[in-house]
Amino acid sequence: VEYKSEDAGFFREYIASAPDQVIAVRYTCSQPEKYTLVVRMTRETNVESSYLGEDTILLKGYGHEKGIHFVGAVKAVVEGGSVMAEHWRCREGATLHIAGADAVTFYITAATSYRSADYEKECLSQHDKAVKKGYEAIKADHILDYQRLFYRFSIDIWGEEDKNFAGLDTIERLGRLRKGAQDAGFF
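One point on numbering: in this note's numbering, the residue at position 160 of the sequence shown is 187, and numbering is uninterrupted.
Below, the structure is given as structure tokens:
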């Protein structure tokens, strides 16, 4: 996502990385000290929020008491500016206040009791690994993982005669089709 506001270019990049089991979100700006925001994780019921230091919030809960339990963690790594954890005394729960940052990277991990008895430890372990690895390395591994899957298949629907029409614009190709010409590559 890219946009401009008050002569500043704002950039947001989102990655859901299977290799690192993390969602990484990177906010940057063309000018310093432009990011001031509040971050929190919420849920209506069966949840409690807490902190790990001044830059990480946890959300723990369950769908049903005897059902699956979960934990999620969000860490904000700021460049310039500040980050402060504050627990609001109302339903909103644990909150991170980010002020005057040049850039912010969020690392989001989660785990459930469905796959692990110690799901909180698993969540925090993945979280620590991702933060230590860093955004650029996570992004590079994510791209490699994606490309490995994406490029394993291709299809060519052009017949030899259709390749001659690839340079024609849409109007010309439609005109040819109306006159009865074949153009399998158009569809």
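For every residue, glycine included, the Cβ atom is placed at its ideal position computed from N, Cα and C.
This one's a predicted model, so the numbers in the text were calculated from it and none came from an experiment.
One Cα belongs to residue 174, the other to residue 180, and the distance between them is close to 11 Å. For residue 171, the uninterrupted alpha helix (DSSP H) run begins and ends at 162-177, by DSSP. By the Cβ test, the segment 31-38 is not in contact with the segment 106-113, since fewer than three Cβ pairs between them sit closer than 8 Å. Apart from the 5 residues on each side of it in sequence, residue 46 sits with its Cβ closer than 6 Å to the Cβ of 168 and 172 in its chain, given in chain order. Under DSSP, residue 56 forms a beta bridge with 37. Between residue 122 and residue 52 the beta-carbon gap is near 17 Å, outside 8 Å, which marks them as no contact.
Residue 29 and residue 159 have their C-alpha atoms some 27 Å from each other.
Contact annotation: residue 120 and residue 64 have beta-carbon atoms that are not nearer than 8 Å. When the five nearest sequence neighbours on each side are left out, the beta carbons in the same chain lying within less than 7 Å of the beta carbon of residue 105 are those of 125, 128 and 131, in order along the chain. Distance check between residue 73 and each of 163, 61, 178 and 97 places 97 closest, using alpha-carbon atoms only. Looking at the DSSP output, residue 89 shares a beta bridge with 96.
Note on geometry: alpha-carbon atoms of residue 68 and residue 84 lie some 8 Å from one another. The Cβ atoms of residue 213 and residue 205 do not sit closer than 8 Å to each other. Residue 145 holds the alpha-carbon nearest to the alpha-carbon of residue 95 among 55, 76, 59 and 145. Assignment of residue 79 by DSSP, reduced to helix, strand and coil, places it in the coil class.
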